[in-house]
Amino acid sequence: MKKWEMKPVIYSGDTCLNRLKKLKNEKICFVCDPYLVKTDEFKEIMNYIPINSTLSIFSDIIPDPPIETVAAGALKMLEHKPSVLIAIGGGSAIDTAKGMIFTHNQITEHRINRFIAIPTTSGTGSEVTSASVITDTREKIKYPIFHEELVPNEALLATKLVLSSPKTVTVYSGMDVLTHGLEALVATNRSLYTEALAEKAIELVFTNLELCFKDGKNMDARDNMHQASCLAGLAFDSAGLGVCHALAHQIGAKFKIPHGLANLMLLPHVIKINSCDQKTKELYSKLAIKLGVAQSCLSNDIAVNNLMQAIQALSRKLECPKTLSEMGIIMHHKNEEIEEIVANAKNDVTFQSNPVLLTSSQLKEMIEKII
1 MKKWEMKPVI
11 YSGDTCLNRL
21 KKLKNEKICF
31 VCDPYLVKTD
41 EFKEIMNYIP
51 INSTLSIFSD
61 IIPDPPIETV
71 AAGALKMLEH
81 KPSVLIAIGG
91 GSAIDTAKGM
101 IFTHNQITEH
111 RINRFIAIPT
121 TSGTGSEVTS
131 ASVITDTREK
141 IKYPIFHEEL
151 VPNEALLATK
161 LVLSSPKTVT
171 VYSGMDVLTH
181 GLEALVATNR
191 SLYTEALAEK
201 AIELVFTNLE
211 LCFKDGKNMD
221 ARDNMHQASC
231 LAGLAFDSAG
241 LGVCHALAHQ
251 IGAKFKIPHG
261 LANLMLLPHV
271 IKINSCDQKT
281 KELYSKLAIK
291 LGVAQSCLSN
301 DIAVNNLMQA
311 IQALSRKLEC
321 PKTLSEMGII
331 MHHKNEEIEE
341 IVANAKNDVT
351 FQSNPVLLTS
361 SQLKEMIEKI
371 I
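Residues in the sequence shown are numbered consecutively from 1, following full-length UniProt numbering.
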């Protein structure tokens with residue numbers, strides 16, 4: 001039996017931030033990126049909060065949120081006992097807020113009444129998922145956590161908050177959306193609902209990400225990418241992810257490279273190896289036809305190859321490196337480091353929903369291709 005349940009309530013459009021005006025007589029804790037606190041955008045958001053609500057701010061957010069930051073945030077919640085938690089920022093801010101809630105709920109009976117997520121990047125889809133990724137900086141391992149308590153009650157998609165995202169953030173976040181869509185499309189818990197969401201998200205990435213790269217103020221393209229991020233998040237939260245994320249989590253934690261870029265480096269190789277499964281190959285082929293990179297008269301093998309080439313072509317247009325060495329990253333103890341990455345990836349929860357059960361040798365081979 002498969003279950004399809006869609007949360008949270010999603011508000012989008014120019015006036016979606018008006019939802020914050022309803023937070024009367026609340027104790028509100030904001031979780032946000034430190035740079036955001038100083039911006040006009042944050043001041044605008046604060047103007048929506050009724051004056052009879054009390055506020056606290058936790059802004060000690062860093063990329064790839066570590067356990068220590070989450071613990072500090074949970075202590076902040078214990079101290080202030082907020083009734084509402086509002087996470088504003090990229091995936092790191094929202095994931096930190098989720099980690100705070102998860103930790104807080106383990107150590108006290110106090111519960112927040114409402115959790116609102118306001119993304120300022122178009123990538124993780126964390127605003128609509130039950131997932132949070134926390135990093136153990138000592139062991140250099142990322143741990144994905146999935147729990148229904150982590151799903152926000154509301155997601156506010158205010159596209160104007162994304163317009164100032166730098167090119168690299170735009171591109172790597174966008175490639176995370178693409179990977180979410182492509183992995184959810186073929187994941188073991190996929191359904192007709194998740195396939196539809198994933199296909200639309202992927203289509204939006206192919207038609208809009210390059211436009212955002214060329215002109216970050218292109219409101220239509222930015223809005224489409226913001227919606228795509230949300231669609232892909234809804235898809236993978238139900239369907240699952242796969243080996244691309246399992247490896248990217250470990251590579252990102254070990255070498256401190258952007259998560260979306262780690263995904264992108266691996267993605268064509270993952271598609272190729274997953275295509276050994278006939279049903280997965282058919283899904284990739286169908287997608288290639290839908291994207292217009294293959295015709296229905298072609299074999300599935302050719303269509304899948306065209307899909308991989310289309311991803312690589314988009315990567316080149318967006319000036320993305322293809323290997324770790326292009327980023328100046330050298331493995332000084334290659335065999336041991338690859339062994340460690342593979343072992344941790346196989347313990348990653350996302351590994352379980354890959355459509356093909358891959359061996360350690362196959363995982364090592366993929367890593368070798370991006371060194």
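For each residue, glycine too, the CB sits at the ideal point set by N, CA and C.
The C-beta of Asn335 has fewer than 16 other C-beta atoms within 10 Å across all chains shown, which makes the residue exposed. For Ala117, same chain residues with a beta-carbon under 6 Å away, outside a window of 5 residues either side, are Ala87, Ile94, Glu127, Pro152, Ala155 in chain order.
Within the same chain, and ignoring the five residues on either side of Ala262 in sequence, the residues whose Cβ sits closer than 7 Å to its Cβ are Ala248, Ile251, Gly252.
Measuring C-alpha to C-alpha distances from Ala310 to each of Glu326, Gly292, Ser325 identifies Gly292 as the nearest. Taking the C-beta atoms as reference points, Asp64 is found nearer than 8 Å to Lys142. DSSP places Val177 in the helix class (H, G or I) of the three-state scheme. Nearest neighbour of Ile370 by Cα position, chosen from Leu287, Glu326, Ala232, turns out to be Glu326.
Beta-bridge partners of Thr135 (DSSP): Pro66, Lys142.
For Pro119, the secondary structure class from DSSP, reduced to helix, strand or coil, is strand. With fewer than 16 other Cβ atoms inside 10 Å of its own Cβ, Tyr48 counts as exposed. Counting the other Cβ atoms within 10 Å of the Cβ of Val169 gives 16 or more, which makes it buried. For Arg111, DSSP assigns no beta-bridge partner whatsoever.
In the three-state DSSP reduction, Thr188 falls in the coil class, being neither helix nor strand. Taking C-beta separations shorter than 7 Å and ignoring five residues to either side along the sequence, the partners of Cys244 in its chain run Thr179, Glu183, Asn263, Leu266, Leu267, Val270, following chain order. Residue pairing by DSSP places Gly89 opposite Pro119 in a beta bridge. By the C-beta criterion, the stretch 75 to 90 is judged to be in contact with the stretch 25 to 38, since at least 3 inter-stretch pairs fall below 8 Å. In the three-state DSSP reduction, Ser164 falls in the coil class, being neither helix nor strand. If you keep only unbroken alpha helix (DSSP H) runs of at least 4 residues inside the stretch 260 to 307, you get 278 to 291.
When Gly73, Ala235, Lys167, Glu148 are compared, the shortest CA-CA separation from Glu195 is found for Ala235. Between Ile57 and Val37, the C-beta spacing is below 8 Å. For Ile10, the enclosing beta strand (DSSP E) has its first and last residue at 9 to 12. The C-beta of Glu199 has 16 or more other C-beta atoms within 10 Å across all chains shown, which makes the residue buried.
Put simply, the stretch 312 to 326 does not touch the stretch 220 to 234. Fewer than three CB pairs are less than 8 Å apart. Inclusion of Ser130 and Gly240 in the CB contact set at 8 Å is not warranted, their separation being larger than that value. Under a 10 Å Cβ-count criterion, Arg190 is classified as buried, with 16 or more other Cβ atoms of the shown protein chains found around its own Cβ. With a threshold of 16 other beta carbon atoms within 10 Å, Val186 meets it and is buried.
Cα atoms of Glu79 and Phe213: separation of roughly 42 Å, rounded to the nearest angstrom. For Ser92, the closest of Glu109, Thr135, Asn113 by C-alpha to C-alpha distance is Thr135.
As computed with DSSP, Cys32 is found in a beta bridge with Ile88. Taking Leu287 as the centre and dropping the five residues before and after it, the same chain places the C-beta of Leu185, Glu199, Ile202, Leu307 closer than 7 Å to its C-beta, in chain order. In the displayed model, Ser56 falls within a strand according to three-state DSSP.
DSSP, read as helix, strand or coil, puts Leu156 in strand. Cβ contact annotation for Pro8 (same chain, cutoff 7 Å, sequence separation greater than five): Val128, Val151, Pro152, Asn153, Glu154, Ala155, in chain order.
Ile341 is a Cβ neighbour of Lys254, given a cutoff of 8 Å.
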